[in-house]
Amino acid sequence: MLSHAVESNSGNSSHVKETIPGIIVLLGAPNSPAGELSGIARERCDLVAEEHRKRPDWLILPTGGHGEHFNTAPEPHFVYATRYLVEQGIGEDSMFSGVSSQNTVEDASMAARRIRSAGVTDVVIVTSDFHMARAEFLFRRELPEIRLDVTGSTTDLPEEELTQLRDHEERALARLCEGV
């Protein structure tokens, strides 16, 4: 465990030193134009709640801002995810203010800055089963010095939709690997 300055829930830096053993990063997922979380987003949030029960002294860093492909609602996605987690019994004091990213590449780069500034060495990334390989690639690239665990929620979609998502992820990871 390391001592460090942590960001308050309002996003402002705090000069109070706190000890945080690790961070659970919740990757964003779609929500409706009204801010209702998709099944994929709820599955990820439920897995975050489960991970937090195992590590109650860790903070949660939700990601996801706005984007045509996942959130056209008034608030950033991380606001809706945070609300859901609080409704599931996770205290607001367990939440970092969110990262307003638009895609997985931004999730990794923007979260990496927060993780480094928090001074932690242990991180759990929570995403969906079909998204784990690309998320792990990006976060390991951004945070090679961090002990990283990537876990994925089981995606409850019709097989045809799940196959499309898996194919998209394979292509996206291949493009990333070509660019390395």
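Numbering (my numbering), first residue to last: -1 to 178. For every residue, glycine included, the Cβ atom is placed at its ideal position computed from N, Cα and C.
Helix, strand or coil at residue i [DSSP, three-state]
i	result
S36	coil
S151	strand
L163	helix
I18	strand
L136	helix
L25	coil
L45	helix
L146	strand
Outcome for residue i when other beta-carbon atoms lying within 10 angstroms are tallied against a minimum of 16
i	result
T102	buried
H166	exposed
A172	exposed
S151	buried
G183	As shown, the chain starts at -1 and ends at 178. That puts residue 183 outside it, with no answer to give.
H129	buried
R132	buried
Opening and closing residue of the beta strand (DSSP E) in which residue i lies
i	result
S126	120 to 126
Supposed contact pair residue j and residue i - C-beta distance, whole angstroms, cut 8 Å
i	j	result
P31	T70	5 Å
L141	V118	Incorrect: roughly 10 Å between the Cβ atoms, too far for contact.
L59	V23	5 Å
G38	A47	It should be noted that the sequence gives Ile, not Gly, for residue 38. About 15 Å; that fails the 8 Å criterion.
F76	S98	7 Å
G20	R42	So it is not a contact: roughly 18 Å between Cβ atoms.
Endpoints, the alpha helix (DSSP H) within which residue i is located
i	result
S107	102 to 116
Query raised in the report: Which full runs of the alpha helix (DSSP H) of 4+ residues lie inside the region 51 to 92, going along the chain?
Result: 75 to 85
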